[in-house]
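In the numbering used here, the protein residues as written are 617 to 924.
Just so you know, even glycine gets a beta-carbon here, dropped at the ideal spot from N, CA and C.
Note that the structure is predicted; figures quoted are calculated from it, not measured.
For reference, the structure is listed below as structure tokens.
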Ligand SMILES: [Zn+2]
């Protein structure tokens, strides 16, 4: 899932040319809207990417699913959401881009529907591969999973993946570091364009801590679950942290100015996105407000948010 920031119809590099003294309104200026991604491609000697064929407001061009390894049996990282035609496309990718390899195991970054939703479709077509993820029974759709925890390693021929627990966007979220390529599979933690959403059951504090943890890695590239390859991981993660700090500031400014409703805060802050994205923007603003509430800086009064 991505948030409305990713759907800014026109990236605004002009912010950088704002009049002296004017504050920029956003840090992340890239957008998921209009990003074209090929249905399938090879991103490294040991990684092929296959689109989930599920484009949308929250998924951008769709979920990237990855076939990983160099041997006759490979890993599938994320399964898309079961969109019609995805199984055909995956079959074509295995034949054309993966030397006719079969699937050994399905590994999932987290249980959001656009990541776990294709498991049954993939199994029906390619056989009953085991599924490995951090267990979250209430979200795992009844699928029996091999439990993964922070630091666990998933191996296949030509690829060693280390699981990194990165809660915040989702409690069960794992990123995976591919040692051979020094590449990070970031799931929904960091996206190829725009920013990620912190849903109501997510936690912004955890998310920020997870970002800082990813900053420690010596990753050379990031392969995100949505959008294109990120070639400069440190810069991108730094931008994500700065983006959240700016949103904090904008929300506090709004509250100080007497704006107390989520929708009104959204209208004040997101002046550069179309209104149909305001609901998604509200989810983001509330993630910040809940964090302020936890910190004792704001309190909720029915539908109003008030500075303490
Ligand atoms: Zn997600």
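Counting other Cβ atoms within 10 Å of its Cβ, residue 754 stays below 16 and is therefore classed as exposed. In this structure the segment 868–876 does not lie against the segment 887–896, because fewer than three pairs of beta carbons, one per stretch, are closer than 8 Å.
The beta carbon of residue 793 lies closer than 8 Å to those of 777, 778, 780, 799, 800, 801, 833, 835 in the same chain, with the five residues before and after it left out. Looking at 726, 662, 845, 898, the one whose alpha-carbon comes closest to that of residue 863 is 898.
Judged by their CB atoms, residue 695 and residue 663 are not nearer to each other than the 8 Å cut-off. Its Cα nearest to that of residue 919, the residue 880 stands out among 720, 896, 880. At a cut-off of 7 Å, the beta-carbon of residue 822 does not count as near ligand 1: no heavy atom of the ligand is closer than that. In the three-state DSSP reduction, residue 886 falls in the coil class, being neither helix nor strand. For the 8 Å CB-CB criterion, residue 653 and residue 844 form a contact.
Secondary structure in the segment 738–792: the beta strand (DSSP E) runs of 3 residues or longer, each lying completely within the stretch, are 746–749, 761–763, 769–772, 775–781 in chain order. The residue from 708, 882, 851 with its alpha-carbon nearest to that of residue 719 is 708. Of the heavy atoms belonging to ligand 1, at least one sits nearer than 7 Å to the Cβ of residue 786. Between the alpha carbons of residue 846 and residue 646 lies a distance of about 12 Å. At least 8 Å separates the beta-carbon of residue 813 from that of residue 830. Of 699, 698, 716, 768, the smallest CA-CA separation from residue 688 is found for 716.
Within the segment 811–894, the runs of beta strand (DSSP E) that reach at least 3 residues and sit entirely inside it are, in chain order, 837–840. Here the C-alpha atom of residue 789 lies approximately 32 Å from the C-alpha atom of residue 870. Between residue 842 and residue 670, the beta carbon gap of about 10 Å keeps them out of contact (Cβ cut-off 8 Å).
Put simply, the backbone Cα of residue 730 is about 4 Å away from that of residue 697. When only Cα atoms are considered, residue 816 and residue 824 end up about 16 Å apart. A distance of 8 Å or more separates the beta carbons of residue 678 and residue 809. Bounds of the alpha helix (DSSP H) holding residue 710 are 702–713.
Using a cutoff of 7 Å, the CB of residue 731 counts as near ligand 1, since one of the ligand's heavy atoms is closer than that.
The three-state reading of DSSP puts residue 900 in helix, counting H, G and I together. Annotation for residue 713: 656, 658, 664 place their beta carbon closer than 7 Å to its own, counting only its chain and skipping 5 residues before and after.
In this structure, the alpha-carbon of residue 894 lies about 16 Å from that of residue 905. With fewer than 16 other beta carbons inside 10 angstroms of its own, residue 924 counts as exposed. Judged by DSSP in its simplified three-state form, residue 735 adopts helix. Rounded to the nearest whole angstrom, the C-alpha separation of residue 667 and residue 732 is 14 Å. Residue 770 places its beta carbon less than 8 Å from that of residue 691. Beta-bridge partners of residue 921 (DSSP): 916.
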